[in-house]
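Colleague: Take the position in the sequence shown, starting the count at 1, then add 806; the result is the number in the numbering used here.
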Amino acid sequence: LIKGLSLHGVDLINNPQAVRQMPISDEARQRLERFVTLDTHVWPGVAWEKVEARLRSMSYFDFLREHGGLDDECLAVFNNFTHEIAGQSLVNYSAREALWIGLPGWNLLGEGLENTFDWDYRFAMFPDGNASIARLMVQQLIPSVSPGANFENISLADFDYAQLDRPEHSVRLRLNATAVRVRNRADGVVVNTVVGGQLRSVKARHAVLACYHAIIPHLCPDMPEAQREAQKYQVKCPMLITNVLLRDSKAWNASGVSSAWCPGRMHTMIVRLQGNTAGGYTQGSWDNREGPMTLAFFGSIEEPPGALDLKARLRAARSKMLTLTLEDYEREVRTVLDGLLGPYGFDVKRDVLAITVNRWPHGYSYFYRDLWDPDFEDGQYPHQLASKPFGNITIANADRVADAYTHTAIDVARDAVAELPA
């Protein structure tokens, strides 16, 4: 455990003392130590536009190999850095993309050892994740499902699911109804669903498809072929969050950390979830030293090596995620906790009370990458072509903006509704 260090450039650059503690070979440590103390400009006198073009055209790892003197063992330290935020390994990133998310390397471009870019992404979290957001939306649409529910109590509010699909309500939500076909008609749309093994039809003036782009060609084969091809461009990136309940917080408190990066492991980072009081839920104070505590492990699955393109790599990673058993994930968690907290009296057999693995092969929307995607003209990006209205059908999903986060999904839902024909 190396305390007070992450792989962000702001922590790593000009910090040879931390590098000397890394559990890698002597040669790799020497290479990294030299890199983090380099203060140079590899392209002096070159205009920034040309510098940026070079950074876009070469991988981050090639940039560090050629100009930072790092080898494969050094680069492996960084590779899972982007698993948590994108579901893709850093090996797929251009130098420009990696630098702009705060990774080290600005010291090779004349920025010095003190002026290192620090990327900060702040977010709010309900105890049950995005489920509270969905429940708040449902309560606004169908108030009788949870009278009195609001932002302050939503995480603990009771929900009457019998209120979701009632004919007297202006909004009806039908669970366990799988859509299998969506068709335009002159006077609206027809949606075929399977409910309890039976095929049913729903007629409406409009329909909004809020699902993955890659599914739409199967749901709506009448769409123009060019649009369906654009929808197939989207390939999901796997996402993994493993929640672990510990008997108590004694060992974690003794370690003196609030979160930890895990280079080379399945999970990129570990965060202590303590002190969350959102939505009416109370989890105890941050400095609580008694009773159970929870950790969240964020990560993904590393793509296989070789000459595969990015989308083939992502498909292979998704397939591997599904072949792993609960025991595989559990073994990984126990191995990391034993190494992290074992020196502070932690016993994985005694102190791990529960492990819940949340794996999403479909976790993140595909992000365009400098090295793997063409420079499309505005309006001609696949996600833009894929999301065009089709008759009485509009499309809302995070894929619509080639982004993966909750706020963008909400924005595109508003846009899709605005596109509905009068």
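Glycine included, every Cβ here is placed at the ideal spot set by N, Cα and C.
Indicate whether S1171 and V1223 have their beta-carbon atoms separated by less than 9 Å.
Modeller: Counting from one through the sequence shown, the residue named residue 1171 turns up at place 365. Counting from one through the sequence shown, the residue named residue 1223 turns up at place 417. No, the pair does not count as a contact, with Cβ atoms beyond the cut-off.
Colleague: State buried or exposed for A963, treating a residue as buried only when at least 16 other CB atoms are found within 10 Å of its CB.
Modeller: Translated into the one-based positions of the sequence shown, residue 963 becomes position 157. With 16 or more other Cβ atoms within 10 Å, it is buried.
Colleague: Are P1111 and F884 closer than 9 Å when you measure CB to CB?
Modeller: Taking the first residue of the sequence shown as position 1, residue 1111 is located at position 305. Taking the first residue of the sequence shown as position 1, residue 884 is located at position 78. No; because the gap between Cβ atoms is not below 9 Å, this pair is not in contact.
Colleague: Just to confirm my understanding: we take F1087, look at its own chain, exclude 5 residues before and 5 after, and list those with CB closer than 7 Å. What are they?
Modeller: On the sequence shown, residue 1087 is found 281 positions in, with the first residue counted as 1. The sequence shown places Tyr at residue 1087, rather than the Phe named in the question. Here the set comprises P933, S961 and L962.
Colleague: For Y1018, which residues in the same chain have their Cβ closer than 8 Å to its Cβ, ignoring the five residues on either side in sequence?
Modeller: As a working mapping, residue 1018 is identified with position 212 in the sequence shown. Hits under 8 Å: Q1040, K1042, H1168, N1203 and D1205.
Colleague: If we count Cβ pairs, one from each stretch, closer than 8 Å, do we get three or more for the stretch 1148-1155 versus the stretch 1015-1032?
Modeller: With a cut-off of 8 Å, the stretch 1015-1032 and the stretch 1148-1155 do not count as touching, because too few Cβ pairs lie within range.
Colleague: Would you check if the distance between the CB atom of H1012 and the CB atom of V995 is smaller than 9 Å?
Modeller: Within the sequence shown, residue 1012 is the residue found at index 206, counting from 1. Within the sequence shown, residue 995 is the residue found at index 189, counting from 1. Cβ distance < 9 Å, so H1012 and V995 count as in contact.
Colleague: Can you give the Cα-Cα distance for K1126 and R978, rounded to whole angstroms?
Modeller: Against the sequence shown, residue 1126 aligns to sequence position 320. Against the sequence shown, residue 978 aligns to sequence position 172. In a straight line, the C-alpha of K1126 is about 38 Å away from that of R978.
Colleague: Can you list, in chain order, the stretches of the beta strand (DSSP E) that have 3 or more residues and sit fully within the stretch 829-854?
Modeller: Within the stretch 829-854, no complete beta strand (DSSP E) run reaches 3 residues.
Colleague: Please report the straight-line C-alpha distance between L811 and L1120, rounded to a whole angstrom.
Modeller: Here residue 811 refers to the residue found at position 5 when the sequence shown is read from its first residue. Here residue 1120 refers to the residue found at position 314 when the sequence shown is read from its first residue. Straight-line Cα distance between these residues: approximately 29 Å.
Colleague: At 3 residues or longer, what runs of the beta strand (DSSP E) sit wholly inside the stretch 881-959?
Modeller: Complete beta strand (DSSP E) runs here, min 3: none at all.
Colleague: Would you mind reading off the limits of the beta strand (DSSP E) that contains S1007?
Modeller: In the sequence shown, counting from the first residue as 1, residue 1007 sits at position 201. Taken as a continuous stretch (DSSP letters only), the beta strand (DSSP E) holding S1007 covers Q1004 to A1010.
Colleague: Tell me the DSSP bridge mates of S865?
Modeller: Locating residue 865 in the sequence shown gives position 59, counting from the first residue. DSSP output for S865 lists S900 as bridge partner(s).
Colleague: Can you check which of these residues, V997, G1002, V1001 and G1003, is closest to K1009 by C-alpha distance?
Modeller: Here residue 1009 corresponds to residue number 203 of the sequence shown, with the count starting at 1. Closest option to K1009, Cα to Cα, is V997.
Colleague: Report all residues from its chain with a CB closer than 8 Å to the CB of R1053; omit the five preceding and five following residues, and keep chain order.
Modeller: Your numbering for residue 1053 matches position 247 in the sequence shown. Contacts found: P1098, R1156, D1157, V1158 and L1159.
Colleague: Can you tell me where the beta strand (DSSP E) with M1029 in it begins and where it stops?
Modeller: Taking the first residue of the sequence shown as 1, we reach residue 1029 at position 223. Segment: none, M1029 is in no beta strand (DSSP E) and carries neither H nor E.
Colleague: Helix, strand or coil for W1178? Go by DSSP, reduced to three states.
Modeller: Start at 1 with the first residue of the sequence shown, and residue 1178 comes out as number 372. Note: W1178 maps to coil in three-state DSSP.
Colleague: Determine which residues share a DSSP beta bridge with H1073 and list them.
Modeller: The sequence position of residue 1073 within the sequence shown is 267, counting from 1. Paired residues: G1105.
Colleague: Cutting at 8 Å between CB atoms, please list the residues of its own chain near R1175, excluding the five before and the five after it.
Modeller: The residue you call residue 1175 lines up with position 369 of the sequence shown. Cβ neighbours of R1175 beyond the five flanking positions: Q894, N898, Y899, S900, E903 and L1116.
Colleague: Which term fits M943, buried or exposed, when burial requires 16 or more other beta carbons within 10 angstroms of its beta carbon?
Modeller: Here the question's residue 943 lines up with position 137 in the sequence shown. Per the 10 Å Cβ criterion, exposed.
Colleague: Does DSSP put S961 in a helix, a strand or coil?
Modeller: What you label residue 961 is simply residue 155 of the sequence shown in a count that begins at 1. Of the three classes helix, strand and coil, the one that applies to S961 here is coil, per DSSP.
Colleague: DSSP beta-bridge partners for C1043?
Modeller: Counted from its first residue, the sequence shown places residue 1043 at position 237. Y1170, per the DSSP bridge assignment.
Colleague: Taking the runs of the alpha helix (DSSP H) that are 4 residues or longer, which of them lie wholly in the stretch 1119-1169?
Modeller: DSSP runs (the alpha helix (DSSP H)) wholly in the stretch 1119-1169: 1132-1147 and 1154-1157.
Colleague: Going by Cα to Cα distance, which pick from V1218, L1177, H1213 and F1173 is closest to R928?
Modeller: In the sequence shown, the residue the question calls residue 928 occupies position 122. Minimum Cα distance to R928 is reached at H1213.
Colleague: State the start and end residues of the unbroken beta strand (DSSP E) segment that holds G994.
Modeller: Walking along the sequence shown from the start, residue 994 turns up at place 188. Its beta strand (DSSP E) spans residues G994 to V1001.
Colleague: With distance defined between alpha-carbon atoms, name the residue in R840, A1016, L1191 and G875 nearest to K1251.
Modeller: Shown here, the chain extends from 807 to 1228; a query on residue 1251 therefore has no answer.
Colleague: Which word fits M1072, buried or exposed, when buried means at least 16 other C-beta atoms lie within 10 angstroms of its C-beta?
Modeller: Position 266 of the sequence shown, counted from the start, is the residue given in the question as residue 1072. So M1072 counts as buried.
Colleague: Using only alpha-carbon positions, find the residue among I1107, M931 and T1048 that is nearest to N1164.
Modeller: In the sequence shown, the residue the question calls residue 1164 occupies position 358. The candidate whose alpha carbon is nearest that of N1164 is T1048.
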